[in-house]
Structures are given as structure tokens and as C-alpha cells.
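> Got a structure for you, written out below as C-alpha cells; questions coming shortly.
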Amino acid sequence: MISALAALERLKEGNRRFVSDAGERGPGDIRAKLNALTAGQEPFAIILGCSDSRVPAEIVFDQGLGDLFVIRVAGNIVAPSQVGSVEFAAERFGTRLVVVLGHSECGAVLATLEELESPSAIRGPNLRSIVDRIRPSVEPLLETDLRHDQKALTRNAVRANIRAAASHLRHGSQLLEKLVQNDGLVVVGAEYSLETGVVDFFDGLPATG
Ligand SMILES: [Zn+2]
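Right, dumping it as C-alpha cells:
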């Protein structure tokens with residue numbers, strides 16, 4: 002792993018490239034976009050995703066500046082600050098689609114399974130607070146035959162955690178619940194495959210046709 006200072010330098014260089022693309026001599030589209038977005042934003046979707054470096058929402062959905070309102074937290078868990086962030090965007094910008102974006106082999110879900118199998122593997126109250134949010138949706142799976150199949154268990158645990166987060170957003174906030182009932186807000190759950198890059202929208206899709 003590179004040092005902190007080398008990491009900082011890499012970020013600075015990256016931002017210099019970004020600014021020069023947006024500058025007088027760079028391609029006009031980024032500059033025009035920055036100018037347009039100075040006045041405000043209208044993100045068309047809210048994404049609650051995992052912090053995992055392999056699942057950057059803007060890249061996997063091929064979107065750019067101003068398109069997505071993104072909240073990222075390990076395990077795409079729903080705690081009050083995540084609910085508040087979704088409420089903020091749904092109310093302030095009128096964004097009507099919320100996607101809970103989990104992913105295969107999620108480290109936070111794996112850590113939760115480890116903790117359930119051998120308690121106190123998790124050190125410290127802050128990390129524990131994440132595991133504690135994942136635990137209720139994952140724990141029942143250990144009482145099924147899935148416990149004999151680590152791969153299937155992980156796969157099901159990832160999806161159970163995504164379903165729980167989406168359900169929490171639909172029902173854990175009066176404001177969001179009202180928007181869902183009366184104002185066209187839709188909360189869906191999706192899983193990104195680290196292997197294929199495909200996002201499978203598997204939970205909460207509105208009926209079509
Ligand atoms: Zn993850």
C-alpha cells in the first residue's frame with residue numbers, strides 16, 4: 002500500500018487533471034456542466050451504496066456530475082443519517098427513485114457472518130454499530146440449511162441486507178412513506194456483481210404494464 006503522502010499527491014494530481022479538463026483549454030462539455038451545476042442540482046436518482054472501492058455508483062451506472070445523489074456507507078446500512086440524507090434529496094430536489102445498491106462479497110456482511118459464528122471478532126463500538134444493523138436480517142439465515150453452504154449463505158445474506166435496508170427506507174420514515182404512497186417515490190434494492198459488473202434490480206420494482 003502506498004503512504005498517506007503519496008496517496009494525497011495522487012489525489013492532487015487527479016484533481017489537477019480534472020480542473021484542466023474543465024478549464025479554458027479542456028473539452029467544453031465538462032466546463033459547460035460545471036457552469037450549469039453552479040446554479041443547482043437535479044439528481045435523477047438517489048443511491049444508497051456500500052463504501053467498497055469497487056462499487057462507485059457514478060462509474061457502474063455510467064453517470065456524471067449532477068446525475069446521482071450518492072450516500073455511501075459500509076454495508077449500505079440505514080441509520081438515521083442515511084434516512085435523513087434520502088429525505089433531504091427526495092424533498093429538496095424532487096428525486097423520485099431511490100436505489101439501495103449492495104454488492105456480492107460485501108465485507109460488512111461477511112464481517113457480520115463472522116461475528117455471528119464467533120462472537121467478539123469485531124473490535125470497537127463503531128464497527129459494531131454497523132454489524133448490529135446488518136445482523137437482524139442475516140441472523141435467521143443461520144437457522145436454515147444455508148449455514149452448511151458458505152457461498153450460498155453469503156449470497157443470501159447480501160440480498161437480505163439489501164432488502165432490509167430498502168424496507169427500512171420505505172417504512173422507517175414518515176416523510177418517505179408519504180412520498181411513496183402519494184407522490185411516486187420508489188425505493189428499489191439492487192445487487193452489483195463484482196465479477197460481471199451487472200446490477201440486478203431484484204427488490205421493490207413497481208409493476209409495469
Ligand atoms: Zn460492501
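Quick note: the sequence shown uses our numbering, first residue 2, plus one each step. Here a beta-carbon is modelled for each residue, glycine too, at the ideal position from N, C-alpha and C. Remember, it's a predicted structure, so these values are computed and weren't measured experimentally.
Let me know the secondary structure DSSP gives F202 once reduced to three states.
Strand at F202.
> Please list the terminal residues of the continuous beta strand (DSSP E) segment that includes A46.
A46 -> beta strand (DSSP E) spans 46 to 50.
> Suppose you measure from the CA of L186 to the CA of S54; what does that come to, to the nearest Å?
28 angstroms
> Hey, quick one: how far does the alpha helix (DSSP H) through A7 stretch, first residue to last?
5 to 23
> Going by DSSP, what residue range makes up the beta strand (DSSP E) through I72?
Its beta strand (DSSP E) spans residues 69 to 73.
> Name the one or two DSSP bridge partners that A191 has.
DSSP, once it has assigned bridges, lists L102, F202 as partnering A191.
> Run the proximity test for A75: is its beta-carbon closer than 7 angstroms to any non-hydrogen atom belonging to ligand 1?
yes
> Give the DSSP-derived three-state secondary structure of F94 in the structure shown.
Helix at F94.
> Taking only three categories from DSSP, how would you classify D146?
The answer is helix: DSSP assigns D146 an H, G or I state.
> Please state whether the Cβ-Cβ distance between T155 and E106 is less than 8 angstroms.
yes
> Quick one: give me the first and last residue of the alpha helix (DSSP H) that P137 is part of.
126 to 139
> Taking 7 angstroms as the cut-off, is the beta-carbon of A109 closer than that to any non-hydrogen atom of ligand 1?
yes
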